[in-house]
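J.: Just passing along the structure, written as structure tokens.
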Amino acid sequence: MTCVLWQPAKADDTVTTQAQAASTNSSDIQDWSRWQIRLRALGVVTDTSSATATVQGVPALSTPNSGLSVGNSVVPELDITYYFTRNISAELILGVSQNHITGNGALTGLDVGSTWLLPPTLTVQYHFTDFGRFQPYLGVGINYTFFFGQQPAGAYTPGGLAITNLNIHNTAGFAAQAGFDYMIDKHWGINFDVKKLILRPNYDAWVNNSIYVSGTAALDPWLFGAGITYRF
Numbered sequence: 000m001t002c003v004l005w006q007p008a009k010a011d012d013t014v015t016t017q018a019q020a021a022s023t024n025s026s027d028i029q030d031w032s033r034w035q036i037r038l039r040a041l042g043v044v045t046d047t048s049s050a051t052a053t054v055q056g057v058p059a060l061s062t063p064n065s066g067l068s069v070g071n072s073v074v075p076e077l078d079i080t081y082y083f084t085r086n087i088s089a090e091l092i093l094g095v096s097q098n099h100i101t102g103n104g105a106l107t108g109l110d111v112g113s114t115w116l117l118p119p120t121l122t123v124q125y126h127f128t129d130f131g132r133f134q135p136y137l138g139v140g141i142n143y144t145f146f147f148g149q150q151p152a153g154a155y156t157p158g159g160l161a162i163t164n165l166n167i168h169n170t171a172g173f174a175a176q177a178g179f180d181y182m183i184d185k186h187w188g189i190n191f192d193v194k195k196l197i198l199r200p201n202y203d204a205w206v207n208n209s210i211y212v213s214g215t216a217a218l219d220p221w222l223f224g225a226g227i228t229y230r231f
């Protein structure tokens, strides 16, 4: 008859076993690639508190008595990321949105019109890689917004005013972001992201084809995004 005596595991055996388990659990996300894409649903929430309007010859209708409001929207967004190292990357953010503009304050009830925005944004990011599948990041960068498809409303207020011409100028701005990826495996992940753009284009408009209006159509949007990540 053979007698087998039980012996307690050695401390170094326990450490080795735990390290092997951790390696097994994280091995599918340790590989990294220089290229990554994300597809997000993006909520665009504007902050027009800095918008101004100067109605030529009519100070009562001008800022600080009036300004502009720009509608919010939900749009798709695509971004392409290149990693210089495991921690440092550059991200190009692409998307378009359509926004509706109205007057506020003394210009409440004035339908200004609508425009499409193409705001490509380039940020430099730092990724924190010490938390396993949870990988947060911070980024800063620049934005240049193109305005196209601008349509003056041409709708008259009860007072007989209507925007008959609208021109919003392309402009550059500042971008900051924070977000995280939660990696399911080394290729696929879930992403949440928040960006703030400082975006304050100048504009020119005409009321009833005769009254000149100018100012700053400050948008300063918050961009709230959620979507999927794919690493090549």
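Mind the numbering: the sequence shown is residues 0 to 231 in numbering that gives the first Met the number 0, read in order.
Quick reminder that beta carbons are idealized off the backbone N, C-alpha and C, glycines included.
Here the structure is a predicted model, which means the values were calculated and not measured.
(1) Among the candidates Pro119, Pro220 and Gly226, whose CA atom is the shortest distance from the CA of Asn71?
(2) Look at the alpha carbon of Val212 and the alpha carbon of Ile87, and state the distance between them as a whole number of angstroms.
(3) Please tell me whether Gln243 and Ser113 are closer than 8 Å, where the distance is taken between their beta carbons.
(4) Quick one: is Leu93 buried, meaning 16 or more other Cβ sit within 10 Å of its Cβ, or exposed?
(5) In the DSSP output, what is His168 paired with across the bridge?
(6) Since Gly274 and Ser65 are thought to touch, with beta carbons under 8 Å apart, how far apart are those beta carbons, to the nearest angstrom?
(7) State yes or no: is the C-beta of Phe179 within less than 8 Å of the C-beta of Phe133?
(8) Using only the alpha-carbon positions, how far apart do Asp110 and Gly153 sit?
(9) If we call anything under 8 Å between Cβ atoms a contact, is Tyr229 one with Gln35?
(10) In this structure, does DSSP put Pro75 in helix, strand or coil?
(11) Can you tell me which of Gly188, Gly102 and Leu41 puts its alpha carbon nearest to the alpha carbon of Thr156?
(12) Is Gln97 buried or exposed, if buried means 16 or more other CB atoms sit within 10 Å of its CB?
(13) My output table needs one value for Leu121: the three-state DSSP class, helix, strand or coil.
(14) Express the C-alpha separation of Ile141 and Ala217 in angstroms, rounding to a whole number.
(15) In terms of residue numbering, what span does the beta strand (DSSP E) encompassing Asp192 cover?
(16) Shortest alpha-carbon distance to Gly172 belongs to which of Trp31, Ser48 and Asn201?
(17) Am I right that Arg37 and Gly226 are in contact with their C-beta atoms under 8 Å? What's the rounded C-beta distance?
(18) What are the start and end residues of the beta strand (DSSP E) that includes Arg230?
(19) Quick one: residues in its chain with C-beta nearer than 8 Å to the C-beta of Ala128, no 5 flanking neighbours on either side, listed in chain order?
(20) Which whole-angstrom value describes the C-beta separation of Leu117 and Val95, a residue pair presumed to lie in contact below a C-beta threshold of 8 Å?
(21) On the three-state DSSP scale, how would you describe Pro151?
T.: Walking through what the data contain:
(1) Locating residue 71 in the sequence shown gives position 72, where the first residue counts as 1. Answer by Cα proximity: Pro220.
(2) Mapped onto the sequence shown, residue 212 falls at position 213. Mapped onto the sequence shown, residue 87 falls at position 88. Cα to Cα, the separation comes out at about 45 Å.
(3) Past the boundaries of the shown model lies residue 243; the chain is included only from 0 to 231, so the question cannot be answered.
(4) The residue you call residue 93 lines up with position 94 of the sequence shown. Exposed: under 16 other Cβ atoms inside 10 Å.
(5) Counting from 1 along the sequence shown, the entry for residue 168 is found at position 169. The partner list for His168 (beta bridge, DSSP) is empty, contrary to what the question assumes.
(6) Since the first residue shown for the chain is 0 and the last is 231, residue 274 is missing from the structure and cannot be characterised.
(7) As a position in the sequence shown, residue 179 is number 180, starting the count at 1. As a position in the sequence shown, residue 133 is number 134, starting the count at 1. Yes. Within cutoff.
(8) In the sequence shown, counting from the first residue as 1, residue 110 sits at position 111. In the sequence shown, counting from the first residue as 1, residue 153 sits at position 154. Whole-angstrom Cα-Cα distance: 8 Å.
(9) Stepping through the sequence shown from its first residue, residue 229 is reached at position 230. Stepping through the sequence shown from its first residue, residue 35 is reached at position 36. For Tyr229 and Gln35, yes; Cβs fall inside 8 Å.
(10) Counting from one through the sequence shown, the residue named residue 75 turns up at place 76. In this structure, Pro75 counts as strand in the three-state DSSP scheme.
(11) Counting from one through the sequence shown, the residue named residue 156 turns up at place 157. Closest by alpha carbon: Gly102.
(12) On the sequence shown, position 98 is the one that residue 97 refers to. Exposed, because fewer than 16 other Cβ atoms sit within 10 Å of the Cβ of Gln97.
(13) Working through the sequence shown from its first residue, we reach residue 121 at position 122. Reduced to three states, the DSSP call for Leu121 is strand.
(14) Position 218 of the sequence shown holds residue 217. Position 142 of the sequence shown holds residue 141. If I take the Cα positions, the gap works out to 16 Å.
(15) Sequence index remark: in the sequence shown, residue 192 carries index 193 (1-based). It spans Trp187 to Ile197 - the beta strand (DSSP E) in which Asp192 sits, taken as one unbroken run.
(16) Looking up residue 172 in the sequence shown gives position 173. Ranking the options by Cα distance to Gly172, first place goes to Asn201.
(17) Within the sequence shown, residue 37 is the residue found at index 38, counting from 1. Within the sequence shown, residue 226 is the residue found at index 227, counting from 1. 6 Å between Cβ atoms; contact.
(18) One-based indexing of the sequence shown puts residue 230 at position 231. That run of the beta strand (DSSP E) goes Trp221 to Arg230.
(19) Position 129 of the sequence shown, counted from the first residue, corresponds to residue 128. First, the residue type needs correcting, since residue 128 is Thr and not Ala in the sequence shown. Arg85, Asn86 and Gln134, listed in sequence order.
(20) Taking the sequence shown and counting its residues from 1, the one referred to as residue 117 is at position 118. Taking the sequence shown and counting its residues from 1, the one referred to as residue 95 is at position 96. Right, the Cβ-Cβ distance comes to about 5 Å (below 8 Å), so this counts as a contact.
(21) In the sequence shown, counting from the first residue as 1, residue 151 sits at position 152. The answer is strand: DSSP assigns Pro151 an E or B state.
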